[in-house]
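One structure below.
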Amino acid sequence: MFARLGPERRLALIAYLTVGYPRLNVTPSLVEAAAQSGADGIELGIPFSDPLADGRTIQAASQLALQEGMTVVRALETAASARTKTDVPLLFMTYVNPILAFGLERFCRAAADAGVDGLIVPDLPPTESAELRRAADTSQIDLVFFVAPTSSEAGIEAACRAATGFIYCIAVTGVTGARAQLDPTLLPLIETVRRHTTLPIVVGFGISRREHLNALQGKADGVIVASALLDVIAQSPEDPASRVREFLTGLRPPP
Amino acid sequence: MAAVEELAAAFDAAQQDEGFRREFDQLSRSFSGRPTPVYRADRLSARAGGARIWLKREDLCHTGAHKINNALGQVLLARRMGKQRIIAETGAGQHGVAVATVCAKFGLECEVYMGVDDMARQAINVYKMRLLGATVTPVDAGSKTLKDATNEAIRDWVTNVRSTHYVIGSAVGPHPYPLMVREFQSVIGREARAQVLAETGRLPTVVIACVGGGSNAIGIFAPFYDDPVRLIGVEAAGRGLNSGAHAASIVGGRPGVLHGSFSYLLQDEDGQVLATHSISAGLDYPGVGPEHAYLHEAHRAEYVSVTDEQALAAFHQTSRLEGIIPALESSHAIAYAMALAARLAEEDLVLVNLSGRGDKDLDIVRGASGA
């Protein structure tokens, strides 16, 4: 994903979609719309009943997707279907329990077979990740870890040592959800993380505006836009693909 | 992660500090009303037939349940850590009331998260918390009970971690919480062990406690680990294990991760956490403390379950026969103790943790009894 952004190191834009939101079968078309509207990667959230790291927007989307009947198997099928529509990297985000219930190895293998490139598990700390790491390595998918403004130097080091693909840098002290302002601690955090890793650094949580992207251009390697995108989908769920196109092209106008 | 690491370090340091332990012991006496007595329940024993039943009277603690032990310990720890704001989750409201009480005593800001369904069925405790100066924040997500209140408290904690300590009310959550809650609650078992020895010259045959998250159970069990004493945890079978409407995580669940610990969990095939049911709000939780999962797998403790109906019967019997109105949570332990006592010999001794009193449950019981 990062290699093809060109020598000027354009900020990678990753769009987050909850699989099965706002309707069970709509996600592949939203992936396609996002990829055509400038997204360099797509994060597909497999809904979980108790999304501890998520604010109201993703909680509501997850609950609705589960009510629609989304399951891990259907999320894998959705990813495989999305894969036929685009070649941008696809990442799964979900909590550890659905993966445990499915089986770590079986899940990583199925994700790789579906064309998924990486995995993000917000409630799995690096210290508990050895088994999933082996499974991810066997299936050759990346396993991403988080750093936060509250992380200790040792915590940052552990995340950087455990991660492949990129480091997910949490922009706020708190849960997901669109914010008006970037936290002032973010840029110093990115600098600290750089000292520990050569992996790309991707910033998420709260990213919702063009100014946020401008402020991070040249500082971070990518951003993840999640709740802000789901918020616009929620405003007109009957035509979510158009909302995704409008929002992403507004966030970063085509060159 | 950084927050739990900071907490673990602070807890370790406090454990080594004699001044901290002295303050905890002193306030446990003067503020919480410890030690609580053990009581020989003759008429319950006679009704059961067989072994003698003794009750550890945690219902006589300040605020009406064992929850004050952990609330006091954790708030003292938060003060040591310089945290000015305290948050908690609550199911039945007993933990929330205990935390609000200790915060009032120390002049700390207190916010308690509570599922809207629990706020409705435990309205008196909501009022008590507000009287004590706490903010009670309704949680409308998911099943609108303890699990969801816990989710919301965790989200608050990660957002306000620099100023705030999160007092988890049961032996659940990430390390160091299960250990810390056990340590603050094991005063129950230490006292009970010494009291039963002093009054009867022997150890109990079996120790029984109800298990939701499992804090009162782990507190009474832990001091008996090295003794030849059976330990039995009683989970909530709700409307019956086959009905799906229950909260028996060990008896009816399988291993999984919720709220930062790997333990038994009520979940569907896809790893989604299931909605639970128990007549007692305090047992209405899909997980269980990881130390109980360990005790179960190591065969050191046995886990059984009791239905709403059986718990209600024990509630009425304990009220009528002993003049003690037990919490519906504790009524689960009493129900199992009476059934077991009938199968044991007269010289056997069954010690039950009467973890709380039933004042909070009167509306529920009145409703269930159609009175």
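Protein chains in written order, with this note's numbering: chain Y, 1 to 255; chain P, 1001 to 1371.
Each residue gets a CB set at the ideal place from its N, CA and C atoms; glycine is no exception.
Residues that residue i contacts on chain P, provided the C-beta gap is smaller than 8 Å
i	result
Pro98/Y	Asp1270, Gly1271 and Gln1272
Gly155/Y	Met1001, Ala1002 and Glu1005
Phe102/Y	Asp1270 and Gly1271
Pro125/Y	Met1001
Thr71/Y	Asp1270
Closest by C-alpha distance to residue i, when choosing among the options
i	options	result
Arg1034/P	Gln1074/P, Glu1191/P and Gly1115/P	Glu1191/P
Ala1041/P	Gly1252/P, Ala1337/P and Ser1263/P	Ala1337/P
Phe1262/P	Asp1270/P, Gly1287/P, Ser1215/P and His1246/P	Gly1287/P
Leu1241/P	Gly1233/P, Ile1232/P, Glu1297/P and Gly1253/P	Gly1253/P
Ala111/Y	Thr127/Y, Thr94/Y and Pro126/Y	Thr94/Y
Asp1148/P	His1175/P, Asp1118/P, Val1126/P and Arg1130/P	Asp1118/P
Asp1017/P	Lys1067/P, Leu1076/P and Leu1055/P	Leu1076/P
Gly174/Y	Val1181/P, Val1251/P and Ala1002/P	Ala1002/P
Val1097/P	Val1116/P, Val1167/P and Lys1056/P	Val1167/P
Ala135/Y	Phe102/Y, Ser37/Y, Thr150/Y and Val147/Y	Phe102/Y
Gly1173/P	Gly1189/P, Leu1007/P and Leu1351/P	Leu1007/P
Gly1282/P	Trp1157/P, Ala1236/P, Ala1368/P and Ala1339/P	Ala1236/P
Gly1289/P	Ser1163/P, Ala1014/P, Gly1214/P and Leu1328/P	Gly1214/P
Phe107/Y	Asn214/Y, Val244/Y and Ala79/Y	Ala79/Y
Val1116/P	Leu1340/P, Ala1014/P and Thr1150/P	Thr1150/P
Ser139/Y	Val193/Y, Arg109/Y, Thr164/Y and Ile190/Y	Arg109/Y
Where residue i falls, given that 16 or more other Cβ within 10 Å makes a residue buried
i	result
Leu1362/P	exposed
Lys1105/P	exposed
Arg252/Y	buried
Pro1178/P	buried
Asn97/Y	buried
Asn25/Y	exposed
Tyr21/Y	buried
Asp1227/P	exposed
Arg210/Y	exposed
Val73/Y	exposed
Ser1331/P	buried
Pro1223/P	buried
Asp1059/P	buried
Tyr1303/P	buried
Thr127/Y	exposed
Leu1197/P	exposed
Ser236/Y	exposed
His1299/P	exposed
Pro51/Y	buried
Per DSSP, the bridge partner or partners of residue i
i	result
Asp142/Y	Gly118/Y
Ala12/Y	Gly222/Y
Tyr1166/P	Ile1087/P
Ala1065/P	Gly1356/P
Trp1054/P	Arg1040/P and Leu1351/P
Tyr1303/P	Gly1233/P
Gln217/Y	Ala220/Y
Met1114/P	Thr1090/P and Pro1138/P
Val1211/P	None, per the DSSP bridge assignment.
Ser1261/P	Leu1258/P
Val147/Y	Cys169/Y
Pro1326/P	Arg1357/P
Val1206/P	Arg1230/P and Val1350/P
Leu91/Y	Glu43/Y and Gly118/Y
Glu1109/P	Arg1085/P
Amino acids of chain Y, ordered along the chain, whose beta-carbon sits closer than 7 Å to that of residue i
i	result
Leu1007/P	Result: empty, since nearest Cβ-Cβ is about 12 Å, beyond 7 Å.
Thr1159/P	Thr173, Gly174 and Val175
Contact belief for residue i with residue j at Cβ below 8 Å, rounded distance in angstroms
i	j	result
Gly1356/P	Gly1073/P	With a Cβ gap of about 17 Å, Gly1356/P and Gly1073/P do not count as contacting.
Leu104/Y	Glu68/Y	About 26 Å; that fails the 8 Å criterion.
Val1112/P	Thr1145/P	The pair is not a contact, with the Cβ atoms about 14 Å apart (cut-off 8 Å).
Val121/Y	Ile141/Y	Not a contact, Cβ separation roughly 12 Å.
Ala148/Y	Ile170/Y	4 Å
Ala228/Y	Ala178/Y	4 Å
Ala1403/P	His1095/P	Past the boundaries of the shown model lies residue 1403/P; chain P is included only from 1001 to 1371, so the question cannot be answered.
Gln1272/P	Phe92/Y	Their Cβ separation, rounded to whole angstroms, is 16 Å, which puts Gln1272/P and Phe92/Y out of contact at 8 Å.
Contact list for residue i against chain P, beta-carbon separation under 7 Å
i	result
Gln59/Y	Ala1141
Ser139/Y	Per Cβ cutoff of 7 Å: no residues; Ser139/Y is ~19 Å from chain P at best.
Leu257/Y	Only positions 1 to 255 of chain Y appear in this structure, which leaves residue 257/Y out of reach.
Contacts of residue i in chain Y (Cβ-Cβ under 9 Å)
i	result
Ala1088/P	Result: empty, since nearest Cβ-Cβ is about 16 Å, beyond 9 Å.
Asn1151/P	Asp50, Pro51, Leu52 and Gln59
Closer than 8 Å at the beta carbon, the chain Y residues around residue i
i	result
Leu1258/P	Asp50 and Asn97
Gln1267/P	Asn97 and Ala101
Ile1154/P	Leu52
Lys1147/P	Asp50
Interface residues of chain P facing residue i [CB-CB closer than 9 Å]
i	result
Ser152/Y	Met1001, Ala1002, Glu1005 and Glu1006
7 Å Cβ cutoff, residue i in contact with chain B
i	result
Asp1017/P	Any reference to chain B falls outside this structure, whose protein chains are Y and P.
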